[in-house]
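Trainee: Taken in sequence, the protein lines are chains A and B.
Just so you know, the working numbering puts 128 at position 128 of the first sequence, and the rest follows in order with no gaps.
Count along the second sequence from 1, then add 1000; that gives the number in the working numbering.
Before we start, here is the structure in question, set down as structure tokens.
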Amino acid sequence: MHDEKKSLIETRSLSIGYHHPRHGQKVLHSNICVKLEAGEFACVLGPNGSGKSTLLQTVCGFLPRLSGDVCIAGKQIDKVSNRQMSLLASVVLTERVTVSNMTVFDLVSLGRTPYTGFFGRLKSRDLELVSEAIRSVGLEGFEERLITNMSDGERQKAMIAKALVQETPLIVLDEPTAFLDLPSRIEIMHLLRKLAHQHNKAILLSTHDLDLALQMADKVWLLAEGRQMETGTPEDLVLTNEFRRFFEREGILFDNDTGQFTVEKQKVKTIRIVGKGIEYKWVSRALARRGFAASDEPFSGFQVEVKSDGKREYLLTGPDGKIQKLRTIEDLLTQLEHEEATLLTE
Amino acid sequence: MQQFLEKYLSGRQLTVFWLSGLAVLSLTLFVLNLILGSVNIPFWSVIQALAGDMQMDDSWRLIVLKSRLPQAITAILAGAGLAVGGLQMQTLFRNPLAGPSILGISSGAGLGVALVLLVAGKIGGVALSHLGFTGHLSVALAAFAGASLVLTMVLFLSRHLKDNAMLLIVGIMVGYAASALVGILKFYSMKEDVHAYVIWGLGSFSTVSWSQMGVLFPVVTLGLLGSFFLVKPLNVMLLGEQYAGNLGINIFLSRLLIILCTGLLTATITAFCGPIAFLGLAVPHLTKGLFRTSDHKVLIPAVILAGIAVALFSNLIARLPGFDGALPINAVTSMIGAPVVIWVILKGKNLRTPGV
């Protein structure tokens, strides 16, 4: 059973887009062939307006597909009823849910709706599952908190708990990290990955957090307007330069080494940086921002020596051989600027 | 008060406490409605009259049975029905300022009444307001016809409009159009007829006779029972339509049933009592403030009881000695309703966004 992987989403030459009453069809993407299997954590990446939400909504059956096939857990999506769908896929949407007087417990227990009877009364098993889900997203003790009195991150966790108690093999999240600060983003992504691997769920989400997706996702789906969709493990996509091609714009570079975007700067001046470890890294970053490219070769220009053992110190040697001791990077940059200026006037 | 009680009672006990409190309050107000008025009738005489004792004072018996009892029952039905309608609309549209009249149903009823009162008067040459009882019945029928027409239209549109917000706008627009037509009719009508229309527009619980109760009672009871069957979709609708759909709720059907239920309640009550303002908007807020829950399993019975209490209270005030039963019910409900709405807005915390 466990060896045989079940594909929960499978599309064959799918076209997505909108039916517009006057302008006819607007096709955003065509010929999409992707697969998502149980236990996989996949991220859809792409610039704004590239059709991430449209893709997710088509896959969940909120939007009609334009052509091609979508199969959910092996069944064609047209043949899946609303009710069956609620047992196969649960969603978390971008929209902020604010309902006054609703507690976390109330919210999460709404996820049991497909299983409860006519009046939606919860049985003891439902109550157990709700508490367990609240625990597994780390909201223990928040059961009676009103969702209007919680931070966006906490509310998003509650929504994820709602998706969990729905007990679906597939969870689809549309930009779950959109409103969150960086620590919460990392937390949510980490939580989702854990859930995918531990509970053998297929999780598909769209996000703008490229570096997080690169670190955490099992699969990445790349979308960009007017391009064929690319899928694969993030590392493969980096090595085949797909990331570069998808995201690079004028002035913005994707660094294949670090997996980060860098703002293109005219690096004309070179500086020698001596040092090691984390200090070395951050000093070179700061200097890069000022337009200095680090080089290891000894030359007659500026040199920075980073002392990282014991007391942190930065020794700046100018072209005239004078050495300045500086305590912070900020001081270093100011001193460097100053010396540069005097050098120019001389 | 709330904090004080929360110290001693758990959530569920608090709910039971408030529910029974409201029930006792409603019952007391019901009895007071039978006792107090321009003539005060002692409690035991009221009981005697209700028990069908023929020995007692005839005038007292008639006042209790023919006037006060139907009036109190009408107030109960109208209060409960409008409050439930308001709650359903606030949930469906996820808008705290929605009420049972939001779909234009009351305006439709108003148009029907205006047509009967103003046009019939014009054609017949007699002001219909002089006709008495037949006038009443035809007014109720016209109101119901107008309300049903708008309701049918809204139901039809709800099948074609995907978005609740659009439906809300359409409902409000229909209301404006109907009001405009009423305005034109008023402009060309006789003074007496316009006066009769204004009187109808002020609302009253006292125009329902026992024979009319035969219609009002079963329809409102049906609507109230229906609302209990909509608890589950209403709860899920709080999250919005997409989440509701994803949780396996049939959105089209649920929306249709919710509108039908509210429409039926509003149309019938407006037909018999005139457009009662504010009750449907204010009572749900009052109730939500008291019960602090979003669960319709609790909210629906709570709103029914609170609606009954507020309607009976308003009726009592309208009949206070000195006013001689002359105070229109809308004046009273609005006087209670307006401060409540202001309180809701000032309390703001729970009302940030489309949340209900």
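Backbone N, C-alpha and C fix where the C-beta goes; we use that ideal spot for every residue, glycine too.
(1) Name the two residues that bound the continuous beta strand (DSSP E) containing K269 of chain A.
(2) Show which residues of chain B have a CB atom less than 8 Å away from the CB atom of D106 of chain A.
(3) Please list the residues of the segment 1246 to 1269 of chain B that have a C-beta atom closer than 8 Å to any C-beta atom in chain A, keeping them in chain order.
(4) Determine the DSSP secondary structure at R290 of chain A, reduced to helix, strand or coil.
(5) Checking 9 Å against the spacing of the C-beta atoms, do T1268 of chain B and G1081 of chain B come in under that value?
(6) Kindly indicate which three-state DSSP category A158 of chain A falls into: helix, strand or coil?
(7) Kindly say whether V1303 of chain B, judged by its beta-carbon, lies nearer than 9 Å to any beta-carbon of chain A.
(8) Between the segment 80 to 101 of chain A and chain B, which residues of the former have CB atoms less than 8 Å from a CB of the latter, in chain order?
(9) Could you tell me whether the segment 1149 to 1159 of chain B touches the segment 1100 to 1117 of chain B, where touching means 3 or more Cβ pairs closer than 8 Å?
(10) By the DSSP assignment, the beta strand (DSSP E) with K8 of chain A in it spans what residues?
(11) Taking all protein chains shown into account, decide if K79 of chain A is buried (16 or more other Cβ within 10 angstroms of its Cβ) or exposed.
(12) Classify L1167 of chain B: buried if its beta carbon has 16 or more other beta carbons within 10 angstroms, exposed otherwise.
(13) Do L164 of chain A and H199 of chain A come within 9 Å of each other at the CB atom, strictly closer than that value?
(14) Taking the alpha carbon of G51 of chain A as the reference point, which residue from A:S67, A:F41, A:G17, A:G232 has its own alpha carbon closest?
(15) Looking at G1307 of chain B and V1031 of chain B, is the spacing between their C-beta atoms short of 9 Å?
(16) Does the separation of the CB atoms of A1114 of chain B and Y1197 of chain B fall below 9 Å?
(17) Ends of the alpha helix (DSSP H) at K194 of chain A?
(18) Okay, do the segment 72 to 87 of chain A and the segment 168 to 185 of chain A touch, 3+ Cβ pairs below 8 Å being the bar?
(19) With C-beta atoms as the reference, is I147 of chain A less than 9 Å away from L192 of chain A?
(20) Let's test the definition: count the other Cβ atoms within 10 Å of the Cβ of P114 of chain A and tell me whether it reaches 16, buried, or not, exposed.
(21) Can you tell which of A:Y314, A:R289, A:I329 has the C-alpha that lies nearest to the C-alpha of V274 of chain A?
(22) For L336 of chain A, is the classification buried or exposed, using 16 other Cβ atoms within 10 angstroms of its Cβ as the cut-off for buried?
(23) Taking the beta strand (DSSP E) that V1231 of chain B falls in, what are its first and last residues?
(24) With a threshold of 8 Å, are at least 3 pairs of Cβ atoms found where one atom belongs to the segment 1280 to 1293 of chain B and the other to the segment 1234 to 1251 of chain B?
(25) To which residues does DSSP link Q25 of chain A through a beta bridge?
(26) Are T233 of chain A and D209 of chain A closer than 9 Å when you measure CB to CB?
(27) According to DSSP, is F1133 of chain B helix, strand or coil?
(28) State the start and end residues of the unbroken alpha helix (DSSP H) segment that holds K52 of chain A.
(29) Take every Cβ of the segment 1198 to 1206 of chain B, pair it with every Cβ of the segment 1070 to 1080 of chain B, and state whether three or more of those distances are shorter than 8 Å.
(30) So, with DSSP's three-state summary, where would you put F41 of chain A?
(31) Kindly say whether Q166 of chain A, judged by its beta-carbon, lies nearer than 9 Å to any beta-carbon of chain B.
(32) Is it buried or exposed, M1173 of chain B, if we count other Cβ atoms within 10 angstroms and call 16 or more buried?
(33) Under 9 Å between the Cβ atoms of P1275 of chain B and N1330 of chain B?
(34) Among B:T1015, B:Y1176, B:N1250, B:D1193, which one has its Cα closest to the Cα of N82 of chain A?
(35) Along the beta strand (DSSP E) that carries A202 of chain A, what are the first and last residues, could you check?
(36) Taking only the alpha-carbon atoms, compute the straight-line gap between Q156 of chain A and E95 of chain A and give it to the nearest angstrom.
Mentor: Taking the coordinates as given:
(1) Taken as a continuous stretch (DSSP letters only), the beta strand (DSSP E) holding K269 of chain A covers 269 to 274.
(2) Near D106 of chain A (Cβ distances below 8 Å), the residues of chain B are T1293, S1294, D1295.
(3) Within the segment 1246 to 1269 of chain B, the residues whose Cβ lies closer than 8 Å to some Cβ of chain A are N1246, L1247, G1248, I1249, N1250, listed in chain order.
(4) If DSSP states are grouped into helix, strand and coil, R290 of chain A belongs with coil.
(5) The answer is yes: Cβ separation under 9 Å.
(6) In this structure, A158 of chain A counts as helix in the three-state DSSP scheme.
(7) Cβ-Cβ to chain A under 9 Å: no for V1303 of chain B.
(8) If the cut-off is 8 Å between Cβ atoms, the segment 80 to 101 of chain A has N82, R83, M85, S86, L87, A89, S90, V91, L93, E95, R96, V97, T98, V99, S100, N101 near chain B.
(9) Touching, per the Cβ criterion.
(10) Reading the sequence as shown, one finds Leu at residue 8 of chain A and not Lys. Element bounds for L8 of chain A: 7 to 20.
(11) The residue is exposed, with fewer than 16 neighbouring Cβ atoms inside 10 Å.
(12) Counting of Cβ neighbours within 10 angstroms places L1167 of chain B among the buried residues, the total reaching 16 or more.
(13) Result yes, Cβ atoms of H199 of chain A and L164 of chain A sit closer than 9 Å.
(14) Out of A:S67, A:F41, A:G17, A:G232, A:G17 has the C-alpha closest to the C-alpha of G51 of chain A.
(15) Result no, Cβ atoms of V1031 of chain B and G1307 of chain B do not sit closer than 9 Å.
(16) Yes, the Cβ-Cβ distance between A1114 of chain B and Y1197 of chain B is below 9 Å.
(17) 182 to 198 is the span of the alpha helix (DSSP H), which, as asked, contains K194 of chain A.
(18) When Cβ pairs closer than 8 Å are counted between the two stretches, the segment 72 to 87 of chain A is seen to touch the segment 168 to 185 of chain A, the count reaching three or more.
(19) Their beta carbons are not under 9 Å apart, which means I147 of chain A does not touch L192 of chain A by this criterion.
(20) When all chains shown are included, P114 of chain A counts as buried.
(21) The option with the nearest alpha carbon to V274 of chain A is A:Y314.
(22) With 16 or more Cβ atoms within 10 Å of its Cβ, L336 of chain A is classed as buried.
(23) Per DSSP, V1231 of chain B lies in no beta strand (DSSP E) segment; the continuous alpha helix (DSSP H) that holds it begins and ends at 1231 to 1237.
(24) No: fewer than three Cβ pairs fall under 8 Å.
(25) DSSP, once it has assigned bridges, lists A:H19 as partnering Q25 of chain A.
(26) In this structure, D209 of chain A does not lie closer than 9 Å to T233 of chain A by Cβ.
(27) Below a pLDDT of 50, predicted positions are generally treated as unreliable, and F1133 of chain B, at 47, falls in that range; no measurement from the model is reported.
(28) Residues 52 to 60.
(29) When Cβ pairs closer than 8 Å are counted between the two stretches, the segment 1198 to 1206 of chain B is seen to touch the segment 1070 to 1080 of chain B, the count reaching three or more.
(30) Residue state, collapsed to three classes: strand.
(31) Output row for Q166 of chain A: interface = yes.
(32) In this structure M1173 of chain B is exposed. Its beta-carbon is surrounded by fewer than 16 other beta-carbon atoms within 10 angstroms.
(33) For P1275 of chain B and N1330 of chain B, yes; Cβs fall inside 9 Å.
(34) The residue from B:T1015, B:Y1176, B:N1250, B:D1193 with its alpha-carbon nearest to that of N82 of chain A is B:N1250.
(35) Counting along the chain, the unbroken beta strand (DSSP E) around A202 of chain A starts and ends at 202 to 207.
(36) Each residue's Cα considered, the two are about 10 Å apart.
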